[in-house]
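When you read off a place in the sequence shown, starting at 1, and then add 19, the result is the number in this note's numbering.
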Amino acid sequence: VPLYLPVESAFLSAAKHFVEKDLEVSMAGRVFMITGANSGIGRATAMAIAKRGGTVHMVCRNKDKAEEARADIVKESGNKEIYVHILDLSETRKVWEFAEAFKRKYKALNVLINNAGCIMSERDVNAEGLEKSFASNVMGVYILTRGLIPLLEKSAEPRVITVSSGGMLVQKLRTGNLQTEIGRYDGTMVYAQHKRQQVVMTEQWAKTHSNVHFSVMHPGWVDTPAVANAMPDFHQSMKDSMRTPEQGADTAVWLAISEAAATKPSGSFFQDRRMVSAHLPLAWTHSSQLEQQKFMSVMEDLAKTFQPH
20 VPLYLPVESA FLSAAKHFVE KDLEVSMAGR VFMITGANSG IGRATAMAIA KRGGTVHMVC
80 RNKDKAEEAR ADIVKESGNK EIYVHILDLS ETRKVWEFAE AFKRKYKALN VLINNAGCIM
140 SERDVNAEGL EKSFASNVMG VYILTRGLIP LLEKSAEPRV ITVSSGGMLV QKLRTGNLQT
200 EIGRYDGTMV YAQHKRQQVV MTEQWAKTHS NVHFSVMHPG WVDTPAVANA MPDFHQSMKD
260 SMRTPEQGAD TAVWLAISEA AATKPSGSFF QDRRMVSAHL PLAWTHSSQL EQQKFMSVME
320 DLAKTFQPH
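If you want it as structure tokens, here you go:
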């Protein structure tokens, strides 16, 4: 499967070209929100930002795991400005409510990091009847980002970073069958399609909200519990060459805090701190502007149906 490109030792060779001082910055007074912040890449990102003095809002599903991660981050970073919010991104109405409540309560949000992701082994639906991984990976990201854009736009140097995956390179954007009602449910391929959809959303938001810097990144193949659970065979065969969560988080941290990242065009796709193509060479995965706009209007209409009044 071309999903599994052997890119691993790539991190160390790429790191030779990293500019160390890009990350030697204080984030005191800057406010970050990170979804899925209690484990894996999200947690490593939260830790890196906490150590630089940033205020971190951890948005997590599991209260116990979140509180435990928060305690570790506070202890290791010495930064007490770390807050936990309990939200399951697959619960569509609750995502709307959370975004609205957050805007009422907080005056600033400089950076939103959409990191949480889910791979389902079989098709399941949420309370609103949406397929759960679509609800979490696509609709949840869409509603949270759209809902928080007004607060981001009022804040200094706003940025939105979405953690995608190289898996999306084998997927062309679909504008129909978004809930995978038709055909066999292959959780890994469904996830890869969602990651393609995140790239398209990022590109489109960058066009419509020019004062926010949008980016999307591939963390490389990272040894996280999520990967081990969802793709056990792949994890077993690759685990010796997989990245640590810190290596996987590196580009997300760089996109969130470095001045260098903000000089790159909004809406771009990154790996190892470099802009890369969101398509493989000679790829059939390109979609037209019309298809992308159609996808965004489908998302818009679907999201509206769950908006609390």
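Glycine included, every Cβ here is placed at the ideal spot set by N, Cα and C.
Q) For Arg-293, is the classification buried or exposed, using 16 other Cβ atoms within 10 angstroms of its Cβ as the cut-off for buried? A) exposed
Q | Exposed unless 16 or more other CB atoms sit within 10 angstroms - verdict on Glu-110 | A | buried
Q: Go ahead and pull the three-state DSSP assignment for Gly-198.
A: Per the sequence presented here, residue 198 reads as Gln, with Gly not at that position. Gln-198: coil per DSSP, three-state reduction.
Q) Taking buried to mean at least 16 other C-beta atoms within 10 Å of its own C-beta, is Asp-252 buried or exposed? A) exposed
**Q.** Simplified DSSP state of Gln-312, which is helix, strand or coil
**A.** helix
Q. Are the segment 226-237 and the segment 179-186 touching, with three or more C-beta to C-beta distances below 8 angstroms?
A. yes
Q | Which listed residue (Val-44, Tyr-161, Leu-31 and Lys-84) has its alpha carbon closest to that of Ala-280 | A | Val-44
Q: Entirely within the segment 173-221 and at least 3 residues each: give me those beta strand (DSSP E) ranges in chain order.
A: 178-182
Q. Distance, Cα to Cα, Met-6 vs Phe-325?
A. The first residue shown for the chain is 20 and the last is 328, placing residue 6 beyond what the model contains.
Q: Give the straight-line distance between the Cα atoms of Glu-119 and His-328, rounded to the nearest whole angstrom.
A: 11 angstroms
Q. Excluding five sequence neighbours on each side, which residues of the same chain lie with their C-beta closer than 8 angstroms to the C-beta of Ser-296?
A. Phe-288
Q: Drop a sphere of 10 angstroms on the beta-carbon of His-36, count the other beta-carbons inside from all chains shown, and report buried for 16 or more, exposed for fewer.
A: exposed
Q: Examine the Cβ distances between the segment 207-216 and the segment 153-168 and report whether three or more of them are shorter than 8 angstroms.
A: yes
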